[in-house]
Amino acid sequence: MFQNLTDRFHIFRRKVLGYGRITKSEIDTILKELRITLLEADVHYQVVKEFIENINKKALNQNLDKRLSPGELIMKIVFEELVELLGKSPRYINFRTNGPTIISLLGLQGVGKTTTAAKIAYRFSNKKPLLVPADAKRPAAVEQLTQLGKRNNIPVFSLQNNDPVLTAKLAKETAEKQGFGLLIIDTAGRLHIDDELVDELVQIHNTVKPDYKILVADGMTGQDAVNQAKAFKEKVGLDGVILTKLDGDARGGAALSIARISGVPIYYIGISENVDGLEEFHPDRIAQRILGMGDVVSLVEKVKTIERDIDQAHLQRKIVRGELNLEDFLEQLRALKRLGPLSRLVEMLPGVNESDVDEREFKKIEAIINSMTVKERQHPEIIDGSRRRRIALGSGTTVADVNQLLKQFFYARDLLKKMAQGKLPGRIPFRLK
Ligand SMILES: Nc1nc2c(ncn2[C@@H]2O[C@H](COP(=O)(O)OP(=O)(O)OP(=O)(O)O)[C@@H](O)[C@H]2O)c(=O)[nH]1
Ligand SMILES: [Mg+2]
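In our numbering, the protein residues as written are 3 to 435.
What follows is the structure, given as structure tokens:
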């Protein structure tokens, strides 16, 4: 997938990582090459422009840590921007619990709608899918879907009266009556987006009210796919895109541009003609694939470690200065919670027994802090009597609870400061209540 793009990024990466130091003029050179790489992969010019601008801005403003070479820093930024461009996080179909979830697949001729309909049904065969042929134009279309269904043991509704709208309507009724959980409507394709096609789609959608209107677009066609997404979104509305044929020599332009330009996220990608050739679209994994998997994964890990170190050092400085605030406090509590069930953690602390720390107590503390304004969390000193009453009300606790939390917090802050300054020898008894 995206072999061309991957190859070019491989060369780009080698060059970038080779830089010992990076000045503004080197960044300019790097970005020029990146620009050409993206344009040659048929990425939309507007996307390329923004992508380069963002990287430039970030590269000039970031100075993370000496442990990261300038080249690594650039690669990290490129990776993050790429993930962002591809849509950040994967999308999933949410299934209804009250009746069938309806997916309408639409798109131009030959993009892979019928194949994709079968792929989706196969993927979700545990949801009891029903395939619906809504193509009255091409006699072979119904037969194609019927064959695919037969081969994969998926029921296929039959075309009624040669009328796609009526067919969709009756299929929905049947699905409701017979307990089908997923209805996939395979609509007709045309060479162009004409009024007749739009009319038919709108009628089908008005009749069955699909949960997902998904455009199937051929990933090989690059910017044509992007334009189709824009046009279909305007004319019939879209919830998502499935890009097909990415197993071929698609250059990547459609995948990298479609979400940003049309505002419609990619749900799945087609990676073969077979019924199992449908993949979830994970922006981070795709970005890793494009940039060279192993390298990026270890780079991201490295950055995380550095960021953690920086956070820790930052916290330490705050403690020494007595500047710890309730946001830090909450963050530390959450970090503790992430470590697992509190009781188990507490067992490991010498001198503390389980009854000292109560999970409910944590919830209460969290609720109280969550009811404060940002300013209050950052400057707990300002929390006076009337603020305490408001916070208690907002968090469903009492003023006494708020008083106690603040008292504990000020006490802990003071204690930690003294400890950090080496003024208090020995172990401090730790009690939350
Ligand atoms: N390699 C590959 N081929 C695919 C993929 N998806 C679909 N195809 C092929 O593309 C061709 C067209 O697929 P169809 O599913 O018939 O397309 P369609 O959109 O239903 O076409 P019409 O109903 O005529 O508009 C078929 O030969 C499919 O096997 C894919 O992800 N990868
Ligand atoms: Mg078809």
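Even for Gly, the Cβ is constructed at its ideal location relative to N, Cα and C.
Which residues mark the beginning and the end of the alpha helix (DSSP H) in which SER106 is found? Following the DSSP letters along the chain, one finds SER106 in no alpha helix (DSSP H) but inside the beta strand (DSSP E) bounded by residues 103–108.
Give a single yes or no on whether SER274 has its beta carbon closer than 7 Å to a heavy atom of ligand 1. The answer is yes for SER274.
Let me know if ALA123 comes out buried or exposed under the rule of 16 or more other beta-carbons within 10 Å of its beta-carbon. ALA123 comes out buried.
So, with DSSP's three-state summary, where would you put THR99? For THR99, the three-state secondary structure derived from DSSP is coil.
Report yes if the CB atom of GLY191 is closer than 8 Å to the CB atom of LYS115, and no otherwise. By the CB criterion at 8 Å, GLY191 and LYS115 fall inside the cutoff.
Measuring alpha carbon to alpha carbon, tell me which of VAL404, HIS381, GLY387, LYS377 ends up nearest PHE364. It is VAL404.
Just curious, the beta strand (DSSP E) that TYR270 is in, first and last residue? If you look at TYR270, you'll find it in the beta strand (DSSP E) that goes 268–272.
Does the structure place the stretch 210–228 close enough to the stretch 255–270 that three or more beta carbon pairs sit under 8 Å? The answer is yes - the stretch 210–228 touches the stretch 255–270, with three or more Cβ pairs under 8 Å.
If you check the beta carbons only, do ALA142 and PRO166 fall under 8 Å apart? In this structure, PRO166 does not lie closer than 8 Å to ALA142 by Cβ.
Separation of SER160 from ASN154, as counted between CA atoms: ASN154 and SER160: Cα-Cα distance of roughly 17 Å.
With a threshold of 7 Å, establish whether the CB of GLY89 neighbours any heavy atom of ligand 3. As far as ligands go, the structure on display features ligand 1 and ligand 2 and does not contain ligand 3.
Taking DSSP's pairing of strands, which residues face GLU282 in a bridge? TYR270, per the DSSP bridge assignment.
Throw me the rounded Cβ distance for the ILE244 and TYR270 pair, which I believe falls under 8 Å. So it is a contact: roughly 5 Å between Cβ atoms.
Express the C-alpha separation of LYS90 and THR25 in angstroms, rounding to a whole number. So the alpha carbons of these two residues sit roughly 29 Å apart.
Of the residues VAL144, LYS232, GLN225, THR246, which one's Cα is nearest the Cα of SER264? The closest CA to that of SER264, considering only VAL144, LYS232, GLN225, THR246, is found on LYS232.
How about PHE126 and GLU83: do their beta carbons lie closer than 8 Å? No. Outside cutoff.
Where does ALA252 land, buried or exposed, given buried means 16+ other C-beta within 10 angstroms? If you draw a 10 Å sphere on the C-beta of ALA252, you find 16 or more other C-beta atoms in it, and that means buried.
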